[in-house]
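Enquirer: In order, the protein sequences belong to chains A and B.
For the first sequence, the positions run 135 to 457 when my numbering is used.
For the second sequence, the positions run -7 to 277 when my numbering is used.
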Amino acid sequence: MFSLGDLPLSERIVFVAFLAFVFLFPWIVRSSYPRAVMINFLLFAMYGLGWNLIGGYGGQVDLGQAKNVGFGAYTTALMMTWLDVPFWFTVPVGMFFATLESFAVAYPMFRLRGHYFAIATLCVALVWQQLFLFWDWTGGARGVELPIKPIPNFTYMQFGAIGSHYFIFGLFMAQFLFMNWFRKSKLGYELQAVRDNEDAAASLGINVTWTKVKAYLITAAMGALGGSFYAVYHSYIDPRSIMHIDLTILIAMTAMVGGCGSMWGPIIGAALLIPLDMYLAALLGGRGFYGVDFMIYGFIIMIVAAFEPRGIWGTIERARRRS
Amino acid sequence: MELATQIAISGILMGVIFALIALGLTLIFGVMNIVNFAHGEFLMIGMYSAFLTSTFLSIEPLLSLPIVAVVGFLLGIMSYYLLIRYLLRGPMLAQLFGTFGLMLFLRYLVMFIMGPSPVAIQEGILIGKTVSLSWFTFDMSKLIAAGFSILLFVLIYWMIERTKLGRALRATSIEADAARYMGIDTEKMNALAWGIGGATVAIAGGLLANFYYLTPTVGMLFVMIAFATVALGGFGSVRGAFLAGIIIGVIEMVAGQYLSQIKLSFVYLTYFLVVVFRPRGLFGW
């Protein structure tokens, strides 16, 4: 079920080497900044894998993934602050809220195709961001600060650099294995059929809307899982950092640049973009160069969209086919 | 009652400007079935053009409108030839992302050059003036902006409906291949749609700059309003955009009166409800 046996040997070797590298990373690198980059990379690879489900395998451009991340993060943060419950209890609740909200908007939304759908998801996400900025009971624009536990433990999952590294690595692996199963599952094939040709898929007896809705809900739950991790890792959340459209852009970009609808695309995209993002932030932060990072992203997106819509993985595959 | 009238009139004044903003978006969509996410950025660049000419060249903001129009026109044409042409060959996903990338690029380019803090035009014959009509009071600049918007809208509408160029544009939007067989240079028509779209929205920006503060991120807000307007009027319909603009203007004003912090949510909600329940717009059947 979780086997990677259908992939070429070279890909499996590279992947195992990658896993070994990530696993040993905190022992190879001792300084804290690269470790933070690594954790962020794994988080965004995870976001990207989740978004890739609806955006890549489903071909539906969802510009609202930040709201799902937000639901997860807010549920975890607020429940842990108010009720002092264990982290693991808040995760399914956050996923539940994200899927519930997505379910409520999904059915009407999937009557739309293409641009109409993309703008509708953007609208929904913007409404939620405004509400979370406006609401007092969620902390409004000030955000929520989680109570910090003095001793790291497995109930509250608030760790230092090494603990957080293995924590996010575990979540990443879980999501990776799920995606690996998903792409070969019945739903996965149905979704790809819907992406390639809706009418043909419908004529084969696939319920097009329901297939998309299911994919959308899984994507929402995955986003919420990442959000829950974000909340305990940073111990602080606010609507500008997790509900914001910029987060959606970065998530969609990891998948888009790496290669939509492929297993490795989001991981390659995150490996490229997150170090770049953090490097630029460190380089430009406080020097008065506002917005250079997003200017570069905009440029990358334009180039990729115009000349290689299938991203880096698309180029690799084409080169391999030629050889 | 007085308040209601005041809100309604302010809404209508704002609404015709929204209609002018939406004009280019709906035109581009009609001609080549592509949604321009960067439309709000064109507006923002129009605003900054008016700001820069007024601040550094001391040109009266109203007189700088031709310059602003040229900037917008060139921006539209350049976007078409440098990016959109290539996007049109790709899948829809790429088209969507492509204009989205253009949006980010332009927005943060301006932020890089101009800095993130809001600015406003200080000098101008309209700045800060008001008009009083018995018990209404209006900003002079809004009134003039609305007047210009109607004028320009009618002009473009006339051009599309009555001139040979407009007929070629409409032919391209109905059936590009057939139009090409008839000897219409569809490539040029596409570019023209982008040029007109860029010019009209930049002029709207130039007008807005008289009474609206400028930030590099202002485009997002207006592009969402324009999406809602275009959806309400029917994607691709120029006539619909005008009425829809006024409706959206009134909705925004009413919501702003009572729930100013989340007033934009109502605009987003309008888009959502319209595309879900009336996908062809209020006036399309």
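Positions of the beta carbon are idealized from the N, C-alpha and C atoms, including for glycine.
For the segment 162 to 182 of chain A against the segment 243 to 260 of chain A, do three or more pairs of beta-carbon atoms, one drawn from each stretch, fall closer than 8 Å, so that the two count as touching?
Expert: Too few Cβ pairs lie closer than 8 Å, so no.
Enquirer: Considering only the beta carbon of each residue, do A/Ile450 and A/Ile302 sit closer than 7 Å?
Expert: Cβ atoms of A/Ile450 and A/Ile302: not closer than 7 Å.
Enquirer: Would you decide whether A/Tyr413 is buried or exposed? Buried here means 16 or more other CB atoms lie within 10 Å of its CB.
Expert: It is exposed - the Cβ of A/Tyr413 has fewer than 16 other Cβ atoms within 10 Å.
Enquirer: From B/Ser165 to A/Ile162, what does the alpha carbon distance come to, in whole angstroms?
Expert: Answer to the nearest angstrom: the Cα atoms are 60 Å apart.
Enquirer: Since A/Leu381 contacts A/Ala240 with CB under 8 Å, what's their CB separation in whole angstroms?
Expert: No, A/Leu381 and A/Ala240 are not in contact; Cβ-Cβ is about 20 Å, not under 8 Å.
Enquirer: When the Cα of A/Pro160 is compared with those of A/Ala295, A/Phe231, A/Val225, which residue comes out closest?
Expert: Nearest option by C-alpha distance: A/Ala295.
Enquirer: Which one or two residues does DSSP pair with B/Val60 in a beta bridge?
Expert: None; B/Val60 has no bridge partner.
Enquirer: List the residues of chain A that B/Ser229 touches, going by C-beta distances under 8 Å, in chain order.
Expert: Those do not exist, as B/Ser229 stays about 15 Å from chain A at its closest Cβ, beyond 8 Å.
Enquirer: Less than 8 Å between the CB atoms is what I'm expecting for A/Gly445 and A/Gly361, so what's the real figure, rounded?
Expert: Not quite, the Cβ-Cβ distance comes to about 25 Å (not below 8 Å), so this is no contact.
Enquirer: Spatial neighbours of B/Leu79 within its chain, please: C-beta separation below 8 Å, excluding the five flanking residues on both sides.
Expert: Excluding residues within five positions, the ones whose Cβ falls inside 8 Å are Ile26, Ala86, Gln87, Gly90, Thr91.
Enquirer: Residues of chain B with a CB under 7 Å from the CB of A/Tyr431: which are they?
Expert: The contacting residues are Leu96.
Enquirer: At 7 Å on the CB atoms, spell out the chain A contacts of B/Met103, in chain order.
Expert: The answer, in chain order, is Tyr424, Gly425.
Enquirer: Exposed or buried, what is B/Leu98 when buried is set at 16 or more other beta-carbons lying within 10 Å of its beta-carbon?
Expert: Counting Cβ neighbours within 10 Å, B/Leu98 comes out buried, since at least 16 surround it.
Enquirer: Note down, in chain order, all residues in the segment 431 to 454 of chain A with a beta-carbon under 7 Å from any beta-carbon belonging to chain B.
Expert: So the close ones are Tyr431, Gly432, Phe433, Ile435, Met436, Ala439, Ala440, Phe441, Pro443.
Enquirer: List, in order along the chain, the chain B residues whose C-beta lies closer than 7 Å to that of A/Gln264?
Expert: What A/Gln264 touches in chain B: Ile254, Leu256, Ser257.
Enquirer: Going by DSSP, what residue range makes up the beta strand (DSSP E) through B/Leu125?
Expert: Run containing B/Leu125: 122 to 125, per the beta strand (DSSP E) assignment.
Enquirer: By Cβ distance, which residues of its chain are closer than 8 Å to A/Phe106, with the 5 residues on each side in sequence left out?
Expert: Coverage of chain A is limited to positions 135 through 457, which leaves residue 106 of chain A absent and any answer about it impossible.
Enquirer: For A/Val163, which three-state DSSP category applies?
Expert: The answer is coil: DSSP assigns A/Val163 none of H, G, I, E or B.
Enquirer: Helix, strand or coil: which one does DSSP assign to A/Val278?
Expert: Three-state DSSP puts A/Val278 in a strand.
Enquirer: Between A/Met291 and A/Val366, which are expected to be in contact by the criterion C-beta below 8 Å, what is the C-beta distance as a whole number of angstroms?
Expert: Correct: roughly 5 Å between the Cβ atoms.
Enquirer: Among A/Arg164, A/Phe288, A/Leu153, A/Ser319, which one has its Cα closest to the Cα of A/Val219?
Expert: Out of A/Arg164, A/Phe288, A/Leu153, A/Ser319, A/Phe288 has the C-alpha closest to the C-alpha of A/Val219.
Enquirer: For B/Leu19 and B/Ala236, what's the separation of their Cα atoms in angstroms?
Expert: For B/Leu19 and B/Ala236, the distance between alpha carbons rounds to 15 Å.
Enquirer: Just how far apart, CA to CA, sit B/Val266 and B/Ala223?
Expert: About 7 Å.
Enquirer: Where are the beta strand (DSSP E) runs, 3 residues long or more, that stay fully inside the segment 73 to 140 of chain B, in chain order?
Expert: Segments of the beta strand (DSSP E) lying fully in the segment 73 to 140 of chain B: 122 to 125, 128 to 131.
Enquirer: In chain order, what residues of the same chain lie with their CB nearer than 8 Å to the CB of A/Pro226, ignoring the 5 residues before and after it?
Expert: Hits under 8 Å: none found.
Enquirer: With DSSP as the reference, label B/Leu206 as helix, strand or coil.
Expert: Of the three classes helix, strand and coil, the one that applies to B/Leu206 here is strand, per DSSP.
Enquirer: Whole angstroms are fine: how far does the CA of A/Arg374 sit from the CA of B/Ala42?
Expert: If I take the Cα positions, the gap works out to 30 Å.
Enquirer: Let me know the secondary structure DSSP gives B/Trp277 once reduced to three states.
Expert: Reliability of the predicted coordinates at B/Trp277 is poor, the pLDDT of 47 falling under 50, and no value is obtained from them.
Enquirer: Would the segment -2 to 11 of chain B count as touching the segment 182 to 195 of chain B if we require 3 or more Cβ pairs under 8 Å?
Expert: The answer is no - the segment 182 to 195 of chain B does not touch the segment -2 to 11 of chain B, with fewer than three Cβ pairs under 8 Å.
Enquirer: By how many angstroms is the C-alpha of A/Met387 removed from the C-alpha of A/Leu406?
Expert: Each residue's Cα considered, the two are about 11 Å apart.
Enquirer: Near B/Trp277, which residues of its chain fall below 7 Å by C-beta distance, leaving aside the five closest residues on each side in sequence?
Expert: At B/Trp277, the pLDDT of 47 sits below 50, so the modelled position is not reliable; the number obtained from the coordinates is stated separately. If we look at B/Trp277 and ignore the five residues flanking it on each side, it has no Cβ neighbours.
Enquirer: Considering only DSSP beta bridges, list what A/Tyr370 is partnered with.
Expert: Paired residues: A/Glu279.
Enquirer: Is the beta carbon of B/Pro53 less than 7 Å from the beta carbon of B/Gly116?
Expert: Contact flag set, yes.
Enquirer: On a Cα-Cα basis, can you pick out the residue from B/Leu125, B/Arg270, B/Lys255 that is closest to B/Val242?
Expert: It is B/Lys255.
Enquirer: Starting from the beta carbon of A/Phe178, find every residue of chain B whose beta carbon is closer than 8 Å, and list them in chain order.
Expert: Those do not exist, as A/Phe178 stays about 17 Å from chain B at its closest Cβ, beyond 8 Å.
Enquirer: Using Cβ-Cβ distances below 9 Å, what residues of the segment 246 to 257 of chain A are close to chain B?
Expert: Listed in sequence order: Leu246, Arg247, Gly248, His249, Tyr250, Phe251, Ala252, Ile253, Ala254, Leu256, Cys257.
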